[in-house]
Structures are given as structure tokens and as C-alpha cells.
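For reference, the structure is listed below as C-alpha cells.
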Amino acid sequence: MYFTAAQQTTEGQRQGLARLYKVFADAQLSGFHPGDSYNRTVDCDEVYPGIFIGDDNSARKKDTLVHLGITHVLNSAEGREFGQVDTGPQFYRDVGIAYRGFDLMDLPHVRICQHFEAGANFIDLALQRGKVLVHCLMGMSRSATMVLAYLILKKGMTTEEALRTILRRRAVRPNDGFLLQLLELEQKMKDSKRK
Numbered sequence: 001m002y003f004t005a006a007q008q009t010t011e012g013q014r015q016g017l018a019r020l021y022k023v024f025a026d027a028q029l030s031g032f033h034p035g036d037s038y039n040r041t042v043d044c045d046e047v048y049p050g051i052f053i054g055d056d057n058s059a060r061k062k063d064t065l066v067h068l069g070i071t072h073v074l075n076s077a078e079g080r081e082f083g084q085v086d087t088g089p090q091f092y093r094d095v096g097i098a099y100r101g102f103d104l105m106d107l108p109h110v111r112i113c114q115h116f117e118a119g120a121n122f123i124d125l126a127l128q129r130g131k132v133l134v135h136c137l138m139g140m141s142r143s144a145t146m147v148l149a150y151l152i153l154k155k156g157m158t159t160e161e162a163l164r165t166i167l168r169r170r171a172v173r174p175n176d177g178f179l180l181q182l183l184e185l186e187q188k189m190k191d192s193k194r195k
């Protein structure tokens, strides 16, 4: 399923998005304050124990990653195109950080859901061994979506619960196509529990 600006959404999808928009609005009204940004020159925050979300600059600061105890990096914007971050396993080899990357653009029609399970498994593995930085270009959409999927798949949270969890520590804003895919993931999880 591809999401486009012209796509007609169902009433259920519109209601789901409305609930998530309310979560964003509540975070803004509460006077959001960044969480544990460890260094104002590096834009990363620990949004859940052992899970950091950051931007491309934070992903490139290997000394800071080592200082924070980061053992794994998940790049949700891997590639050389505009809007992507060109790092890879070789970039982190000298500091012993494990790497996983997904070639994703921050566009509503991109099927990020194809990587939810692999991303959640990588994050889960990272937490068994240390800490993980999940990043994209700005640390707001693709990376946040991957962490939200982890919280839904591995921690049993609803999309709203997962979003509130992250927003307590970092301002994020996945695009609407990604939000719809997260709502679909949540529904699949609910349906599988009923069986």
C-alpha cells in the first residue's frame, strides 16, 4: 500500500490520525522541554531506556557515541541521495559499534513498515548488549517511526502511548504516511492477540 497526498483515507484512519494530532498538540501545550540532550552540539536524546534518537550530526560524532555507551547504530536514512545519511558499518568499525541501515526517504508514500520487524529486532538485540542510536537526517520522522514501531512491537504499547513516551524526551513528527503505517501495525498487533 502506498500513501499519497491524494489518497482517500478511511474514517478509521482519519480518527486515528486525529488522536495522534492531539498527542502532538498536547505535547506543545505542555511546554515541551528537550529531555537529556547530552551536548548541545550533538542533537540526540534518550527517549526510552537505552534508546537514543538523533540526527545525522549525532551519528557522525563517534567520540560522543562511545562516551554515551552507544554500542549499536540504526540509520533509517541510509544512502547518498539528498535527505539521506551516508554512513555504514565501515564508518563505525574503528570504535566497535554495530550498524544497521535502511534506505528510506522521508515521504508519506514510502513503505517504512517493511522494515518495522527488522528494525525492532535490531533495537531489541542492541538493548541486550548496550545502547542504540536510531537516527535519520533530522531525528524527527524516520528514526522516530522506527522507535515507535519498536515500542509497539516489543513493548506492547499503542501508537498513542509510544508517541507520548517519545515526546516526553524529544520533539518528533513522523509524516502522516508513517503515522498511518504505525496505526496499521498497532491494529495488526491487536488482531493477532485476539486469535
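Going by the UniProt record's numbering, the letters in the sequence shown line up with residues 1 to 195, in that order.
A virtual CB, placed ideally from N, CA and C, is assigned to each residue, including glycine.
Open item on the list: Using only the alpha-carbon positions, how far apart do R80 and R194 sit?
Closed with: As a first step, residue 80 must be located in the sequence shown, where it is residue number 80. As a first step, residue 194 must be located in the sequence shown, where it is residue number 194. Their Cα atoms are separated by approximately 43 Å.
Open item on the list: Are the CB atoms of T71 and G54 within a distance shorter than 9 Å?
Closed with: Translated into positions along the sequence shown, residue 54 becomes position 54. Translated into positions along the sequence shown, residue 71 becomes position 71. No; because the gap between Cβ atoms is not below 9 Å, this pair is not in contact.
Task: Rounded separation between G177 and G50 - CA only - done: In the sequence shown, the residue the question calls residue 177 occupies position 177. In the sequence shown, the residue the question calls residue 50 occupies position 50. Cα to Cα, the separation comes out at about 27 Å.
Task: L74 in three-state terms, based on DSSP - done: Counted from its first residue, the sequence shown places residue 74 at position 74. DSSP places L74 in strand when its eight states are reduced to three.
Task: Alpha carbon of C113 to alpha carbon of N121, nearest angstrom - done: Walking along the sequence shown from the start, residue 113 turns up at place 113. Walking along the sequence shown from the start, residue 121 turns up at place 121. Roughly 13 Å between the two C-alpha positions.
Open item on the list: Out of L167, R170, F82, A98, which one is the CA nearest neighbour of V132?
Closed with: Walking along the sequence shown from the start, residue 132 turns up at place 132. The residue with the shortest Cα to Cα distance from V132 is A98.
Open item on the list: Within the continuous alpha helix (DSSP H) that includes F102, where are the two ends?
Closed with: Along the sequence shown, one-based indexing puts residue 102 at 102. Here F102 belongs to no alpha helix (DSSP H), and DSSP marks it neither H nor E.
Open item on the list: Can you tell me which residues form a DSSP beta bridge with L183?
Closed with: Numbered from its first residue, the sequence shown carries residue 183 at position 183. Beta-bridge pairing links L183 to no other residue.
Task: Distance, S58 Cα to Y38 Cα - done: Here residue 38 corresponds to residue number 38 of the sequence shown, with the count starting at 1. Here residue 58 corresponds to residue number 58 of the sequence shown, with the count starting at 1. Any reading at Y38 needs caution, since the residue's pLDDT is 49, under 50, leaving its predicted position unreliable; the model's value is listed next. Computed Cα separation, rounded: 10 Å.
- [ ] Inspect the beta-carbon positions of G119 and F91 and report whether they are closer than 9 Å.
- [x] One-based indexing of the sequence shown puts residue 119 at position 119. One-based indexing of the sequence shown puts residue 91 at position 91. Not in contact: G119 and F91 (Cβ atoms no closer than 9 Å).
Open item on the list: Using the three-state DSSP reduction, which class does F52 fall into: helix, strand or coil?
Closed with: Numbered from 1 along the sequence shown, position 52 holds the residue referred to as residue 52. Correct three-state label for F52: strand.
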